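Residue numbers (this note's numbering): 41 to 151.
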């Protein structure tokens, strides 16, 4: 994914089929582990990157149509349930991909 003045490197770029009636959607998935010393700082960095990528997508700077922030289910069930984090997610309309690492499966797509 590139722009005239920026080289963007999403963690994962895939094509997702929404349903049989709809065509495929090209999406970016940013994978975040939240392993730093401060989960708030990790969230701030993830949010900034997410908004930057989403803005470029909305400005038509890239072929991709959506962006998701991928996180472990344990992080979603704890840190992401804080009222302040939920408020920021709602305000910025973050799309989330919740993953169970042990089972290596997607638990939930949240739009």
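The beta carbon of each residue, even a glycine, is placed where N, CA and C say it ideally should be.
Computed from a predicted structure; not experimentally measured.
> Taking the alpha-carbon positions, what's the residue 115 to residue 127 distance?
Replying inline: One C-alpha to the other measures close to 16 Å.
>> Is the beta carbon of residue 119 closer than 9 Å to that of residue 85?
In response: Here residue 85 is not near residue 119, since their CB atoms are 9 Å or more apart.
>> Am I right that residue 108 and residue 67 are in contact with their C-beta atoms under 8 Å? What's the rounded C-beta distance?
In response: Their Cβ separation, rounded to whole angstroms, is 6 Å, which keeps residue 108 and residue 67 in contact under 8 Å.
> What are the partner residues of residue 144, as DSSP defines its beta bridges?
Replying inline: Looking at the DSSP assignment, residue 144 forms no beta bridge with any residue, so it has no partner.
> Mind pulling the alpha helix (DSSP H) runs of 4 or more residues that sit fully within the segment 69 to 115?
Replying inline: Fully enclosed alpha helix (DSSP H) runs of 4 or longer: 79 to 98.
>> By the three-class DSSP mapping on this structure, what secondary structure does residue 122 have?
In response: Judged by DSSP in its simplified three-state form, residue 122 adopts coil rather than helix or strand.
> Which residues does DSSP pair with residue 128 in a beta bridge?
Replying inline: Under DSSP, residue 128 takes part in no beta bridge, so it has no partner.
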